[in-house]
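In our numbering, the protein residues as written are 2 to 415. Even for Gly, the Cβ is constructed at its ideal location relative to N, Cα and C. Just so you know, these numbers come straight off a predicted model, no measurement behind them. Take a look at the structure below.
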Ligand SMILES: [Mn+2]
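Here it is, written out as structure tokens:
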């Protein structure tokens, strides 16, 4: 709760005086007939409140340099509660978010009108990431429009301000990320123990998801279990093919903890043993990885990190004879090496060519994809940037051929 208060305070400090800022939790989305998709809270809203409740609205008021915070939650509907479960009460919302003034949504329009007619508000910020689809306004853009038209107010986008804050993780966020990574590790090992050629890719997926469910965790994204040449498709998520003998299996997986996402890739052999060629290429990727992680220092850009991978591949792959010319690297490595990580797997807050700062958490995920050799390798760790250098949050998840072979030999499927 203290963290949410601290985050809102930082946001207040970025707002102009005589302004209001709106962030919407978002709403349930219809699936079919009377079914909806599971609710996914706007992560900006969650970041600022800790509240995970459809239709809720956060309003920051900055008036004469004073900070006033409002939170709106759904009016209790005893009939719908019998069907869909209890709504969050004002007291619960208060306890989670640390916001003293919690209203019901039915009071939203009246309070807004009251405040705006006093003519003291000069600026409005609206988070355009996800605006409410509820009956406050038919769409969020309509809400912003009505503020412009009806009240002649300049409306700024709050999204970049919040994204900027989210880019720098606080202690609680690091804890959640570590917890997500630990669950991912356990679930990854469950996959390893159950790996055998002849099985289907989705059988490994089932092992992974079973462990997540035991922790009441959810996958951070559609997981990838790609054996053989299918690993060359970067976002292969069908996972529906049988695993061939003596092939590599590329897995790109992540658990969540309170919405914080792990994003881990590991590559391992279908029958517990790497071939010489597979081992050599694994080595090339792991060397790239070490170079990049070492370079994860304050002030460095992601573009620079990616150049390190490409230069390493140019040198090593030519020397080893896997490619003839340095220019061919782009045929076997065709994605970036890093992205931000946090409440979203591809997290917000990184501006192109911006230098990394302390508190950023990024992935390091070099890969190599040789369709001609029927294999793809990706290895991915999650790195915290600090003033004292990189901290590899997923260092304990085994990744070298020796460690993986050892584990698989000692934990063969029954
Ligand atoms: Mn990733």
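Distances between the C-beta of residue 266 and the heavy atoms of ligand 1 include at least one below 8 Å. When secondary structure is reduced to three states using DSSP, residue 185 falls in the helix class.
DSSP lists 33 as the beta-bridge partner residues of residue 36. A distance criterion of 8 Å places the beta-carbon of residue 236 beyond contact range of ligand 1, judged by its closest non-hydrogen atom.
Put simply, of 72, 205, 260 and 330 the residue whose alpha carbon is nearest the alpha carbon of residue 94 is 72. A distance below 8 Å between beta-carbons, with the five flanking residues on each side excluded, links residue 261 to the following residues of its chain, in chain order: 174, 177, 178, 180, 181, 343 and 344.
With respect to the 9 Å criterion, residue 384 and residue 360 are not classified as neighbours on the basis of their beta carbons. In this structure, the beta-carbon distance from residue 25 to residue 52 does not fall below 9 Å.
Rounded to the nearest angstrom, the gap between the Cα atoms of residue 353 and residue 336 is 15 Å. Buried is the label assigned to residue 221, since at least 16 other Cβ atoms lie within 10 Å of its Cβ. Annotated as distal: residue 243 and residue 216, with beta-carbon spacing of 9 Å or more. Following the DSSP letters along the chain, one finds residue 269 in no alpha helix (DSSP H) but inside the beta strand (DSSP E) bounded by residues 265-270. No Cβ-Cβ contact shorter than 9 Å links residue 295 with residue 367. Per the Cβ contact rule, the segment 269-277 is in contact with the segment 244-258 (3 or more Cβ pairs under 8 Å). Secondary structure within the segment 182-253: the beta strand (DSSP E) runs of 3 or more consecutive residues, fully enclosed, are 225-228 (chain order). Between the beta-carbon of residue 184 and that of residue 226 there is about 17 Å, and that puts the pair past the 8 Å contact cut. For residue 69, the enclosing beta strand (DSSP E) covers residues 67-74.
Less than 9 Å separates the beta-carbon of residue 398 from that of residue 267.
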